[in-house]
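J.: Listed in order, the protein sequences are those of chains A and B.
Residues in the first sequence are numbered consecutively from 1, following the numbering used here.
Residues in the second sequence are numbered consecutively from 268, following the numbering used here.
Virtual Cβ for every residue (Gly too), placed ideally from N, Cα, C.
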Amino acid sequence: MYDADQNRTERKVGQKDIKITARDVQVYYGTNHAIKDVSVEIEDKTVTAFIGPSGCGKSTFLRCLNRMNDTIDICRVEGNIAIDGEDIYDRRVDPVQLRAKVGMVFQKPNPFPKSIYDNVAYGPKIHGLAKNKSELDDIVERALRRGAIWDEVKDRLQAPGTGLSGGQQQRLCIARAVATEPEVLLMDEPCSALDPIATGQVEELIDELKQNYSVVIVTHSMQQAARVSQKTAFFHLGNLVEYDDTEKIFTNPQDSRTESYITGRIG
Amino acid sequence: MTTLAFALLFVLACTGYVMNRRAAQAIWADGTRLHSLSNFHGLYSLLLVVIPIFVLIILWLLLAPFVINAITVASLPADVMSEASSGQAQLILAEISSIAGGRVFGDPEPWKIDAANRLVFLNEASSYALVAAVVVLGAALAYFARQRVSAEFRARQRVETMVSGLMIFCATVAIFTTIGIIAALVFETWKFFSMVPFTEFLFGLNWEPQIPIREGQIAGAGAFGWLPVILGTLVITAVALIVAVPTGLMSAIYLNEFAPKSVRSVVKPFLEILAGVPTVVYGFFAILVVAPAIRSFGQSIGLDVSPNTALAAGSVMGVMLIPFISSFADDALSAVPNALREGSLAMGATRGEMMTTVLFPAAIPGIVGGVLLAVSRAIGETMIVVMAAGLIAKMTINPLDSVTTVTVQIVTLLIGDTSFDNPKTLAAFALGLMLFLVTLLINVFALRIVRKYREAYD
Ligand SMILES: Nc1ncnc2c1ncn2[C@@H]1O[C@H](COP(=O)(O)OP(=O)(O)OP(=O)(O)O)[C@@H](O)[C@H]1O
Ligand SMILES: [Mg+2]
């Protein structure tokens, strides 16, 4: 099994800073033990991919990183998760501020039943990021451009966001998430509703985002993980089986389960 | 005898069902493929027997008394009937039927006893005839259905046609009832407007309908302006909504988004109990508790409060509406997809911001629909205001004053001495029609919003 401590001792010079440290994380849904003993270090300015068969706990673990699991009554998280060295499950941490810092894109597009403009302006408005209307306009435009959807919607910013196609909605949600300039962006299968062209655009966006942020992406596509990520974590039945450089995972996996998964024999 | 007719109908229908089913199964057992399952052959017979005979029995029961009365009247001595006015004829008939029922008062004329005997005979004959008709017709229909059983017979389609006919009938019952009610209201209102000018009713500022019905009664001169009455309704409705809308919404929001499960499981049943309290109970709660409390509070701060205030009736009505609004808002909020909640929270919104910026706007059409339905309930509510609001119509919007409502006036106009060719009584129908129109408008409006809301996110 993958061991974060061992990995740290092997850390070489020139490696990036650690953004998120998770230590012995356990997640229970009632009596269902969904995440078992997961320890992982996620680097800054890096794309980290979570892969693994369906139901292995990728989404669950991702949702621990911005405390979205707090909203599920039966969900219990144990262990230690720190962002920039600060324990996010500490009592003094306000999950609201945490989530402003850790953005999230969901598997199913979930635009608000508001206009396209208001969808993107939502985060900046509640966090007071814009001083006036023209600043807000700029933020919205920049976010929509980064979401690779600006050209399609620039003429109908006041149209409802729910009226877009599924792929457009997902890119709108990405634009909405990046509009608040989060430090970490969590993406749960963001491309599962997108066509290859939009997928390419989102992957470009992810590539660009990693200049400044750390991005964690859950994906079922091995090719996508290989294309966009530098680090890959393989989950299986709630365990983190292997976590390493993407190249290494895909060319020379240490664990036999990883190997059979990426070659398509399990999952 | 009627019970016997229904019992026979039941037996015939079951027999028809079993016979047809057996016959169909026999064909199937021979190895022939049936078009319809044997069950449908049975149902075909069942429905074919039940529907027409049921209609026959009902019509018979409705019409037979008229026919029998007509025959009895026709056979009375000619000189008796020719002298009698229609009212006297009614009396004679009533006397005859009470003699026929065995209740003899005094010393009736011999021709009345004859007539009573004939009435008894006719009644018996009618019931025997009904039973005979049921048996003959039922057997004929069952036989007919039995003859049609064959491999190719499309029993399923026939059954479906009959069932859908039944459903159409049931669906139209509501329509015809509505049309009937409107027609009755419009008819009486029409008579009213032939006595009281339309403009006086619609724009008059005075409502004093207690005019004499018979000569010699001491009563007012009469004035039929509905404005003070509808104004009273509006004042009480407004008070009720001011109480009910915020409370109902807040409780729904709390229960839906913030309350722990344990609180929710206690509060929800209480709201449902509130919804089940009879309005008459709210009524005496209003007179016995709320009105005196408001009065003594008003006096303690030097306000002049009348004993029956719009505030007391309205606020109690508001309490009645709380569960209504709360459950509507609850439904609207629950219908908002969870993904929107998560999306908002994941953006770093607090629960309050999520509520006000995403959930509430998404749920507002449903909530507005609920509020509008509550408005039409408040306008139509009768018992609380009959008990707790006043009777005197005043042009006032002061909630501490006594006001009266449309429903209260309808009730008081129809209580006691009534006569259907008098504007006092007919005014009730005019008010009823107006009330109907107002609530209809609001309901149409509410339904439109609710329908729009269904399309909001799909
Ligand atoms: N809200 C929930 N309540 C109860 N159990 C849950 C809940 N969400 C997830 N689980 C359970 O947790 C386990 C992990 O689920 P999770 O959604 O994290 O899987 P996943 O790896 O994201 O799968 P997929 O690739 O299909 O999205 C599963 O066994 C699932 O049944
Ligand atoms: Mg998932």
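Assuming contact is defined by CB atoms lying nearer than 9 Å, are residue 642 of chain B and residue 675 of chain B in contact in what I supplied?
T.: Locating residue 642 of chain B in the second sequence gives position 375, counting from the first residue. Locating residue 675 of chain B in the second sequence gives position 408, counting from the first residue. No, the Cβ-Cβ distance between residue 642 of chain B and residue 675 of chain B is not below 9 Å.
J.: Rounded to whole angstroms, what is the Cα-Cα separation between residue 430 of chain B and residue 712 of chain B?
T.: Here residue 430 of chain B is taken as the residue at index 163 of the second sequence, counted from 1. Here residue 712 of chain B is taken as the residue at index 445 of the second sequence, counted from 1. If you take the alpha carbons of residue 430 of chain B and residue 712 of chain B, they lie about 34 Å apart.
J.: Excluding sequence positions up to five away, which residues of its chain have a Cβ less than 8 Å from the Cβ of residue 108 of chain A?
T.: Here residue 108 of chain A refers to the residue found at position 108 of the first sequence. 193.
J.: Give me the chain A residues within the contact set of residue 623 of chain B, using Cβ-Cβ distance strictly less than 8 Å, ordered along the chain.
T.: In the second sequence, the residue the question calls residue 623 of chain B occupies position 356. By Cβ distance, chain A contributes nothing, its closest Cβ being about 10 Å from residue 623 of chain B, past 8 Å.
J.: On the criterion of 16 or more Cβ atoms from any shown chain inside 10 Å, does residue 660 of chain B qualify as buried, or is it exposed?
T.: What you label residue 660 of chain B is simply residue 393 of the second sequence in a count that begins at 1. Result: buried.
J.: Distance check for residue 505 of chain B and residue 664 of chain B, CA to CA, integer angstroms please.
T.: Taking the first residue of the second sequence as 1, we reach residue 664 of chain B at position 397. Taking the first residue of the second sequence as 1, we reach residue 505 of chain B at position 238. Rounded to the nearest angstrom, the two C-alpha atoms are 10 Å apart.
J.: If residue 264 of chain A sits next to residue 34 of chain A, beta carbons under 8 Å apart, how far is it from one beta carbon to the other, in whole angstroms?
T.: Against the first sequence, residue 264 of chain A aligns to sequence position 264. Against the first sequence, residue 34 of chain A aligns to sequence position 34. Not confirmed; about 24 Å, so no contact.
J.: By Cβ distance, which residues of its chain are closer than 7 Å to residue 583 of chain B, with the 5 residues on each side in sequence left out?
T.: Locating residue 583 of chain B in the second sequence gives position 316, counting from the first residue. Contacts found: 549, 552, 553, 557, 651 and 655.
J.: Taking only beta-carbon atoms, is residue 609 of chain B less than 9 Å away from chain A?
T.: Position 342 of the second sequence, counted from the first residue, corresponds to residue 609 of chain B. It does: the Cβ of residue 609 of chain B has a partner Cβ on chain A nearer than 9 Å.
J.: Taking residue 534 of chain B as part of the alpha helix (DSSP H), name the residues at either end of that continuous run.
T.: Counting from 1 along the second sequence, the entry for residue 534 of chain B is found at position 267. 528-543 is the span of the alpha helix (DSSP H), which, as asked, contains residue 534 of chain B.
J.: Taking 8 Å as the cut-off, is the beta-carbon of residue 59 of chain A closer than that to any non-hydrogen atom of ligand 2?
T.: If you number the first sequence from 1, residue 59 of chain A lands on position 59. Result yes, Cβ under 8 Å from ligand 2.
J.: How about residue 189 of chain A: is its Cβ closer than 8 Å to a heavy atom in ligand 2?
T.: By 1-based counting over the first sequence, the position of residue 189 of chain A is 189. Residue 189 of chain A Cβ: within cutoff of ligand 2.
J.: Could you pull the DSSP bridge partners for residue 103 of chain A from this structure?
T.: In the first sequence, the residue the question calls residue 103 of chain A occupies position 103. Residue 103 of chain A pairs with A:185.
J.: Does any C-beta atom of chain A lie closer than 9 Å to the C-beta of residue 612 of chain B?
T.: The residue given as residue 612 of chain B occupies position 345 in the second sequence. Judged by the 9 Å Cβ criterion, residue 612 of chain B is in contact with chain A.
J.: For residue 167 of chain A and residue 646 of chain B, what's the separation of their Cα atoms in angstroms?
T.: Here residue 167 of chain A corresponds to residue number 167 of the first sequence, with the count starting at 1. Here residue 646 of chain B corresponds to residue number 379 of the second sequence, with the count starting at 1. Distance between the alpha carbons of residue 167 of chain A and residue 646 of chain B: 48 Å.
J.: Report the neighbours of residue 66 of chain A on chain B: residues whose CB is nearer than 8 Å to its CB, in chain order.
T.: In the first sequence, residue 66 of chain A corresponds to position 66, counting from 1. By Cβ distance, chain B contributes 613.
J.: If the cut is a Cβ gap below 8 Å, which residues of chain A does residue 606 of chain B touch?
T.: Position 339 of the second sequence, counting from 1, holds the residue named residue 606 of chain B. Within 8 Å Cβ-Cβ: 106, 108 and 110.
J.: Tell me whether residue 9 of chain A sits in a helix, a strand or coil according to DSSP, three-state version.
T.: Taking the first residue of the first sequence as position 1, residue 9 of chain A is located at position 9. Residue confidence for residue 9 of chain A is low, a pLDDT of 46 falling below 50, so the modelled location carries little weight; the figure read from the coordinates is stated next. Reduced to three states, the DSSP call for residue 9 of chain A is helix.
J.: Pick helix, strand or coil for residue 243 of chain A, following the three-state DSSP scheme.
T.: The sequence position of residue 243 of chain A within the first sequence is 243, counting from 1. It is a strand residue.
J.: So who's on the other strand from residue 115 of chain A, going by DSSP bridges?
T.: As a working note, residue 115 of chain A is residue 115 in the first sequence. Per DSSP, A:160.
J.: Compile a chain-ordered list of the residues in the stretch 562-596 of chain B whose CB is closer than 8 Å to at least one CB of chain A.
T.: For the stretch 562-596 of chain B, which is checked against every Cβ of chain A, not one residue is closer than 8 Å.
J.: Under a CB-based cut-off of 9 Å, is residue 98 of chain A close to chain B?
T.: Against the first sequence, residue 98 of chain A aligns to sequence position 98. Judged by the 9 Å Cβ criterion, residue 98 of chain A is in contact with chain B.
J.: Ignore the nearest five residues each way along the sequence and tell me which others in residue 99 of chain A's own chain have a CB closer than 6 Å to its CB.
T.: If you number the first sequence from 1, residue 99 of chain A lands on position 99. Excluding sequence neighbours, residue 99 of chain A sits near 66.
J.: Kindly identify the DSSP beta-bridge partner or partners of residue 75 of chain A.
T.: Position 75 of the first sequence holds residue 75 of chain A. Residue 75 of chain A is bridged to A:29.
J.: Which stretch, first to last residue, makes up the beta strand (DSSP E) that contains residue 732 of chain B?
T.: Nothing about residue 732 of chain B can be reported from this structure: the residues present for chain B run from 268 to 725 only.
J.: Would residue 126 of chain A pass as a contact of residue 161 of chain A if the rule is Cβ separation under 9 Å?
T.: Position 126 of the first sequence holds residue 126 of chain A. Position 161 of the first sequence holds residue 161 of chain A. Not a contact, by the Cβ cut-off of 9 Å.
J.: According to DSSP, which residues form a beta bridge with residue 80 of chain A?
T.: Against the first sequence, residue 80 of chain A aligns to sequence position 80. Answer is A:23, bridged to residue 80 of chain A.
J.: Using only CA atoms, which one of B:703, B:469, B:360 and B:613 lies nearest to residue 106 of chain A?
T.: Within the first sequence, residue 106 of chain A is the residue found at index 106, counting from 1. Comparing Cα positions, the closest option is B:613.
J.: To the nearest angstrom, report how far apart residue 813 of chain B and residue 555 of chain B are at their CA atoms.
T.: This structure cannot speak to residue 813 of chain B, because chain B is shown only from 268 to 725.
J.: Just the Cα atoms here: how many angstroms apart are residue 422 of chain B and residue 312 of chain B?
T.: Position 155 of the second sequence, counted from the start, is the residue given in the question as residue 422 of chain B. Position 45 of the second sequence, counted from the start, is the residue given in the question as residue 312 of chain B. Approximately 9 Å, taken between the alpha carbons.
J.: Check whether the Cβ of residue 405 of chain B sits closer than 8 Å to any heavy atom of ligand 1, and report yes or no.
T.: Position 138 of the second sequence holds residue 405 of chain B. Checking every heavy atom of ligand 1 against the Cβ of residue 405 of chain B, none is found closer than 8 Å.
J.: Which residues of chain A have a Cβ atom closer than 9 Å to the Cβ of residue 524 of chain B, listed in chain order?
T.: Here the question's residue 524 of chain B lines up with position 257 in the second sequence. Within chain A, no residue comes near residue 524 of chain B; the closest Cβ sits about 11 Å away, beyond 9 Å.
J.: Between residue 668 of chain B and the rest of its own chain, which residues show a CB-CB distance below 8 Å, the 5 nearest in sequence each way excluded?
T.: Here the question's residue 668 of chain B lines up with position 401 in the second sequence. Result list for residue 668 of chain B: 573, 576, 577 and 661, in chain order.
J.: Looking at residue 673 of chain B and residue 493 of chain B, is the spacing between their C-beta atoms short of 9 Å?
T.: Here residue 493 of chain B refers to the residue found at position 226 when the second sequence is read from its first residue. Here residue 673 of chain B refers to the residue found at position 406 when the second sequence is read from its first residue. A contact, by the Cβ cut-off of 9 Å.
J.: Pick from B:520, B:279, B:703 and B:586: whose alpha carbon is nearest that of residue 408 of chain B?
T.: Residue numbering aside, residue 408 of chain B sits at position 141 when the second sequence is read from its first letter. The option with the nearest alpha carbon to residue 408 of chain B is B:279.
J.: With 9 Å set as the bound, which would you pick, yes or no: does the beta-carbon of residue 91 of chain A sit closer than that to a beta-carbon of chain B?
T.: One-based indexing of the first sequence puts residue 91 of chain A at position 91. Output row for residue 91 of chain A: interface = no.
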